[in-house]
Amino acid sequence: MAAGWGWLAIAALVLGAAGCDALVSPPLFGTVSALVTRRDSVTPIAGTRVLLYTGDRPMGYATSDSSGRVLFQDVPEGVYGLRISAPPGYLPLERLYIGPASTEFVHNVRVRPRDSLGVQFTLLKEGRGRVAVQVQDADGRGLADIPLNLYGPQGPLAAARTDAAGRATFEALPLGNYGVFASRPVAFRDSGEAPQVPRDGLIVDEGSTQRAAFTFAPCGGSVVAEVRDQQGRPAPGRVQLYQGTGPLQVVTLPADGMQRFDALLCDVYGVRYLPPPVGWRAAEVRGAAFADGVRVRRTSGTVRVPLVVEKYGWGSIRLRVVDQQGAPVPPIRAVVYNGVTLVADTRLDSAGVLRVDSLRADLQYGARIAPPEPYGYRLVEGRGESFADGLVLQDGVTRDVTLRLQRLPRAAMRVAVVDDAGNPVAGARVVVYIATGLRHDQRTDAAGVTVATDLVAGDEHGARVVPPTGYTVTEARGSSYVDGLVLTGGEVRHVTFRLTRQ
Numbered sequence: 023m024a025a026g027w028g029w030l031a032i033a034a035l036v037l038g039a040a041g042c043d044a045l046v047s048p049p050l051f052g053t054v055s056a057l058v059t060r061r062d063s064v065t066p067i068a069g070t071r072v073l074l075y076t077g078d079r080p081m082g083y084a085t086s087d088s089s090g091r092v093l094f095q096d097v098p099e100g101v102y103g104l105r106i107s108a109p110p111g112y113l114p115l116e117r118l119y120i121g122p123a124s125t126e127f128v129h130n131v132r133v134r135p136r137d138s139l140g141v142q143f144t145l146l147k148e149g150r151g152r153v154a155v156q157v158q159d160a161d162g163r164g165l166a167d168i169p170l171n172l173y174g175p176q177g178p179l180a181a182a183r184t185d186a187a188g189r190a191t192f193e194a195l196p197l198g199n200y201g202v203f204a205s206r207p208v209a210f211r212d213s214g215e216a217p218q219v220p221r222d223g224l225i226v227d228e229g230s231t232q233r234a235a236f237t238f239a240p241c242g243g244s245v246v247a248e249v250r251d252q253q254g255r256p257a258p259g260r261v262q263l264y265q266g267t268g269p270l271q272v273v274t275l276p277a278d279g280m281q282r283f284d285a286l287l288c289d290v291y292g293v294r295y296l297p298p299p300v301g302w303r304a305a306e307v308r309g310a311a312f313a314d315g316v317r318v319r320r321t322s323g324t325v326r327v328p329l330v331v332e333k334y335g336w337g338s339i340r341l342r343v344v345d346q347q348g349a350p351v352p353p354i355r356a357v358v359y360n361g362v363t364l365v366a367d368t369r370l371d372s373a374g375v376l377r378v379d380s381l382r383a384d385l386q387y388g389a390r391i392a393p394p395e396p397y398g399y400r401l402v403e404g405r406g407e408s409f410a411d412g413l414v415l416q417d418g419v420t421r422d423v424t425l426r427l428q429r430l431p432r433a434a435m436r437v438a439v440v441d442d443a444g445n446p447v448a449g450a451r452v453v454v455y456i457a458t459g460l461r462h463d464q465r466t467d468a469a470g471v472t473v474a475t476d477l478v479a480g481d482e483h484g485a486r487v488v489p490p491t492g493y494t495v496t497e498a499r500g501s502s503y504v505d506g507l508v509l510t511g512g513e514v515r516h517v518t519f520r521l522t523r524q
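Sequential numbering from 23 applies to the sequence shown in the working numbering.
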């Protein structure tokens with residue numbers, strides 16, 4: 023040490039002759055040195071104040087010489103620490119960046135007898151430096167025109183783009199802590215990867231060049247669509263590769279039912295089966311008609327997408343509904359179904375026919391008359407009457423099915439309207455009704471008569487007269503209306519209303 027250790031001399035006098043044995047014992051001292059340099063670990067920094075201490079007690083002070091060195095000699099055995107104070111124009115790294123360990127002090131330096139310990143400190147020098155950026159692919163080829171953004175603790179500072187060799191430089195940067203964002207090209211971006219990749223902790227001081235290197239590996243792969251039927255045989259048709267709602271490619275399946283889509287960027291895709299017009303179909307579920315969420319990743323390589331579709335023939339059903347004499351019935355609702363779902367639910371046409379085409383020939387079908395039955399008919403529940411089931415179709419063949427309704431006996435009602443003198447009254451409105459509604463609504467002819475036909479025998483009927491202008495009628499049963507009329511099959515019931523001329 024520059025000034026020596028005064029307390030050692032005093033200790034020697036106190037020892038006197040009695041201390042002779044101690045003086046010839048091995049010395050209990052060591053040496054501690056410190057080297058202060060710039061970050062290159064070579065360029066020395068002179069004028070740095072260095073403190074040697076133990077616990078809370080200073081043990082010595084020194085200043086680094088032109089070689090950046092400080093030497094503490096005759097340091098007693100023990101545990102020490104060293105702390106530096108940077109000279110003007112320099113500062114420790116942690117003023118810009120909090121690292122795992124301090125660069126201003128060192129703790130727990132254990133000195134043993136005859137030890138010679140060395141500690142090195144690094145300081146930053148105020149001044150301007152640069153950040154050099156290199157962006158390349160996995161084969162070391164530079165990537166041109168990559169957007170770069172220089173930033174510091176306060177935010178963005180500058181922008182640049184790489185040249186043809188994938189290089190760019192940010193020059194004349196003042197002392198500071200910097201970072202660089204490089205924008206990852208789409209072809210090099212995997213799903214979930216950030217579009218901008220940072221390199222931070224770039225500490226720039228005087229004359230330094232900090233390098234930020236980026237290596238981007240292309241991200242891509244292949245998708246293979248494998249389309250098979252229920253027995254594992256290749257299916258014909260086309261497949262569509264898509265993203266979102268937009269198609270990317272539509273191609274015809276080769277003979278082996280396997281279509282490969284190569285050179286796809288890392289992303290999420292979908293594959294859809296487009297069957298031929300006849301003989302093939304796919305259920306609208308994942309794994310049949312389509313496969314979505316097909317993710318191409320860096321590690322996925324070739325993604326296999328199996329689709330299982332159905333081969334079948336086409337058949338038709340022609341349903342007729344007739345009465346017991348084989349005559350068509352009025353249009354009614356009928357359904358055609360299979361074991362999975364309804365395939366038709368509609369009304370028969372005016373000829374009493376319902377035709378359903380494009381039915382899979384590999385399924386069994388059924389047909390049923392759906393209530394309510396039309397007026398004047400009765401639906402008898404039973405196979406061959408109200409329904410038919412177990413209908414097996416053949417490819418290209420129309421299966422005829424006949425169901426029946428029971429036509430009820432019919433009757434008629436002749437209604438005459440006369441005045442007090444028995445003269446016919448033309449133009450009187452007459453309605454004939456049943457419990458569920460009107461069955462006849464007409465005006466009397468010149469003979470004062472209207473006839474309601476096709477009335478169902480056995481039902482209760484009623485009739486009402488509405489006088490024309492110039493006539494009145496008493497509102498009462500037997501005068502303005504009659505009800506509770508039960509007709510028999512083939513009967514023509516006669517009813518007469520009498521009006522009063524005004």
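Heads up, the beta-carbon is just placed ideally off N, CA and C, and yes, glycines get one too. Model, not experiment: these values are computed from the prediction.
Pull up the distance between the alpha-carbon of residue i and that of residue j, whole angstroms please.
i      : j      : result
THR237 : ASP159 : 5 angstroms
LEU509 : THR368 : 34 angstroms
LYS147 : ILE67  : 9 angstroms
ARG451 : ARG426 : 37 angstroms
ALA154 : VAL208 : 24 angstroms
VAL219 : PRO169 : 11 angstroms
ASP212 : LEU74  : 54 angstroms
ALA356 : ARG382 : 19 angstroms
THR424 : ARG303 : 29 angstroms
ASP422 : ARG260 : 34 angstroms
PHE127 : ALA180 : 35 angstroms
GLY337 : ASP345 : 27 angstroms
LEU57  : GLY323 : 54 angstroms
PRO135 : PHE51  : 5 angstroms
LEU30  : ILE106 : With a pLDDT of 28 at LEU30, under the threshold of 50, the modelled position of that residue is not reliable, and the figure given next carries that caveat. Between LEU30 and ILE106, the C-alpha separation is close to 26 angstroms.
ARG294 : ALA311 : 6 angstroms
THR494 : GLY511 : 34 angstroms
VAL375 : ILE391 : 12 angstroms
PRO446 : THR466 : 9 angstroms
Tell me which same chain residues have a C-beta within less than 7 angstroms of the C-beta of residue i, skipping the five on either side of it?
i      : result
GLU193 : ARG152
ARG282 : SER244 and VAL246
LEU286 : GLY242, GLY243, SER244, VAL245 and VAL318
Please list, in chain order, all residues of the same chain as residue i whose beta carbon is under 8 angstroms from its beta carbon, the five residues on each side excluded.
i      : result
SER55  : ARG91, VAL92, LEU93, PHE94, SER138, LEU139, GLY140 and VAL141
GLY361 : LEU385 and GLN386
GLY250 : Here residue 250 is Arg; the residue named in the question, Gly, does not match the sequence. So the list reads PRO256, ALA257, GLY279, PRO328, LEU329, VAL330 and VAL331, once near-sequence residues are dropped.
GLU116 : SER124, THR125 and GLU126
Using a threshold of 9 angstroms, state whether the C-beta atoms of residue i and residue j are closer than that.
i      : j      : result
ARG319 : CYS241 : yes
VAL351 : PRO298 : no
LEU224 : GLY188 : no
SER205 : PRO217 : yes
ARG221 : ALA235 : yes
GLY449 : PRO490 : yes
LEU275 : PRO269 : no
THR53  : VAL101 : no
GLY174 : GLY198 : yes
GLY388 : ASP417 : no
ILE354 : LEU370 : yes
GLY69  : SER89  : no
ARG150 : GLY229 : yes
If you follow the beta strand (DSSP E) that residue i is in, where does it begin and where does it stop?
i      : result
THR368 : 364-369
PRO114 : 112-114
ARG220 : The residue you asked about is not Arg; residue 220 is Pro in the sequence shown. PRO220 -> beta strand (DSSP E) spans 218-226.
GLU13  : The structure shown does not extend to residue 13, since the chain is modelled only from 23 to 524, so the question has no answer here.
PHE238 : 231-238
GLN156 : 150-159
THR53  : 51-59
PHE210 : Here PHE210 belongs to no beta strand (DSSP E), and DSSP marks it neither H nor E.
PRO328 : 324-330
GLU482 : 482-488
Quick one, which of the options has its alpha-carbon nearest residue i's?
i      : options                           : result
ASP314 : PRO431, LEU145 and TYR291         : TYR291
ALA443 : GLN252, LEU521, GLU248 and GLY82  : LEU521
ARG71  : THR53, GLY121, TYR112 and ASP96   : TYR112
ALA434 : ALA392, LEU401 and ASP481         : ASP481
ALA190 : THR231, GLY214 and ASN199         : THR231
GLU215 : ASP289, ALA181, THR267 and ARG260 : ASP289
VAL330 : ALA108, GLY254 and GLU513         : GLY254
Ignore the nearest five residues each way along the sequence and tell me which others in residue i's own chain have a CB closer than 6 angstroms to its CB.
i      : result
ALA186 : ALA166
VAL437 : VAL452, THR472, ALA485 and VAL517
GLY38  : With a pLDDT of only 37 at GLY38, under the threshold of 50, the placement of this residue in the model should not be trusted; the figure read from the coordinates follows. Around GLY38: no qualifying Cβ.
GLY398 : LEU430 and VAL478
SER498 : One detail in the question is off: residue 498 reads as Ala in this sequence, not Ser. So no residue of the chain qualifies.
ASP476 : ARG432
GLY492 : GLN524
Taking 9 angstroms as the CB-CB limit, is residue i close to chain B?
i     : result
GLN95 : No chain B is present in this structure, which holds just one protein chain.
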